[in-house]
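Novice: Input: one structure, supplied below.
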Amino acid sequence: MSGGTAVSPEAPIRIGISSCLLGERVRFDGGHKRDAFLVETFGRYVDWVPVCPEVEVGLGVPRESLQLRRIAGQVRMVTTETGIDHTEAMRRYSQRRVAALAGADLCGYVLKKNSPSCGVERVKIYGHARPIASGRGLFAEALRQAFPHLPVEEEGRLNNPQLRENFIERVFAYRRLRALFGARWTIGGLAAFHSAHKLQLTAHSPRLYTELGQLVTGAKALPRPALRASYEAQFMRTLARTATTRRQVSVLQGTMKYFTSRLEPAALRQLRGLVAEYGSGRLPPVVPLALVRHYAQQFSVPQLQGQTYLEPDPQELMLRNHV
């Protein structure tokens, strides 16, 4: 996990972003790539930390466009027409910039797709005249190396509702994880954190949730730095898995055992029916989730109290309702 101070669960969510996505005119041609969802919706709930590597490295606006090009077996960042090589300057800048971002308390990052500096994947690598491979932008590569568990997405992928919701979920989970490990943490605190995420993690991967549980169970046998590193990596890797409808139906059905002796038969049938309708695609998950949350609070079910799956951060819930 990245460095920096502990992140308070009440502090504003801070997310790095390619400046052009906010409408800043920093593109090579003096234009921008303003993303309406990021600016008008996401931006109401987060504090953006804008970065434009190409401007900050000193290339100016407007400027000759850049591309990744394979030269003598190496991938270089060069200007498209004149072939001026900016690779080393960009790498030095990227190392300095990501080091500075370690103190920015970021909980996520949105990067510009296809950019030779910011693209996360499928960035074209050219041969003499045409693309011959794909890779990652130089700044994006430095960012991923420095913060391997930080939730990172390209704005293009966020047009997919499932990927958008997953990114939002990971951003808020990452903040909770940083809040845990940024303070004086204990094995008991880690166990409580893990228990609170039981349903959420299970919705993504029951197998990986079980493996995480085994890590927590054997926590005393591990050096604390190794325990923290392993838990962080596995926790974020689990949440990166898609929480499929089938898995979420299974989780919701699992909560019903706590209501069978508490609910009237008609109310229980209604709940089961809503879960089934969600499973068949006729309802969004928020409908059965809201009812399970209501019953968990009404009956003070201890096994469901404090579950992040049922009680996400209010800002997270608002954002996910926009998906």
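Sequential numbering from 106 applies to the sequence shown in my numbering.
We put the CB at the ideal spot given by N, CA and C, even for glycine.
As the structure is a computational prediction, the values presented were derived from the model and not from experiment.
#1: Buried or exposed for residue 246, going by 16 or more other Cβ atoms inside 10 Å?
#2: Taking only the alpha-carbon atoms, compute the straight-line gap between residue 475 and residue 359 and give it to the nearest angstrom.
#3: With 16 other CB atoms within 10 Å as the buried threshold, where does residue 190 fall?
#4: Considering only their Cβ atoms, is the gap separating residue 348 from residue 309 smaller than 8 angstroms?
#5: Would DSSP call residue 412 helix, strand or coil?
#6: Can residue 254 and residue 413 be called in contact, C-beta distance under 8 angstroms?
#7: For the putative contact between residue 122 and residue 215, defined by C-beta atoms under 8 angstroms, what is the C-beta separation to the nearest angstrom?
#8: Could you check the C-alpha separation between residue 165 and residue 396 for me, to the nearest Å?
#9: What are the complete alpha helix (DSSP H) segments, minimum 4 residues, inside the region 152 to 215?
#10: Taking residue 192 as the reference, give the member of 204, 186 and 179 with the closest Cα.
#11: Distance, Cα to Cα, residue 241 vs residue 175?
#12: In the DSSP assignment, the alpha helix (DSSP H) including residue 246 goes from what residue to what residue?
#13: Along the chain, where does the beta strand (DSSP E) that runs through residue 238 open and close?
#14: Could you tell me the distance, in whole angstroms, from the CA atom of residue 218 to the CA atom of residue 320?
#15: Between the Cα of residue 131 and those of 220, 149 and 264, spot the shortest distance and give me the residue it belongs to.
#16: Considering only the beta carbon of each residue, do residue 446 and residue 340 sit closer than 8 angstroms?
#17: Can you pull the DSSP bridge partners for residue 230?
#18: Report yes if the CB atom of residue 369 is closer than 8 angstroms to the CB atom of residue 273, and no otherwise.
#19: Per DSSP, residue 257 forms a beta bridge with which residues?
#20: Based on the DSSP secondary-structure assignment, which residues constitute the bridge partners of residue 273?
#21: Using a Cβ-Cβ cut-off of 8 angstroms (strictly less than) and excluding sequence neighbours within five positions of residue 294, which residues of its own chain qualify?
#22: Could you pull out every residue in the same chain whose Cβ sits closer than 6 angstroms to the Cβ of residue 306, ignoring the five residues on either side in sequence?
#23: What is the DSSP secondary structure of residue 293, reduced to helix, strand or coil?
#24: Could you tell me the alpha carbon to alpha carbon distance between residue 154 and residue 120, rounded to whole angstroms?
#25: Look at the Cβ atom of residue 213, then the Cβ atom of residue 144, and state whether they are nearer than 8 angstroms.
#26: Using a Cβ-based criterion (distance less than 7 angstroms to any ligand heavy atom), does residue 148 qualify as near the ligand FMN?
#27: Quick one: what does DSSP say residue 300 is sitting in, helix, strand or coil?
Specialist: Result, derived from the coordinates:
#1: buried
#2: Absent from the model: residue 475. The displayed extent of the chain is 106 to 428, so no value can be given.
#3: exposed
#4: yes
#5: coil
#6: no
#7: 5 angstroms
#8: 54 angstroms
#9: 158 to 161 and 192 to 206
#10: 179
#11: 13 angstroms
#12: 243 to 251
#13: 236 to 240
#14: 36 angstroms
#15: 220
#16: Absent from the model: residue 446. The displayed extent of the chain is 106 to 428, so no value can be given.
#17: 173 and 238
#18: no
#19: 214
#20: According to DSSP, which records beta bridges pairwise, residue 273 is partnered with nothing at all.
#21: 285
#22: 314 and 343
#23: helix
#24: 6 angstroms
#25: no
#26: For the structure depicted, the ligand FMN is absent and the ligand set is empty, with no information on it obtainable.
#27: helix
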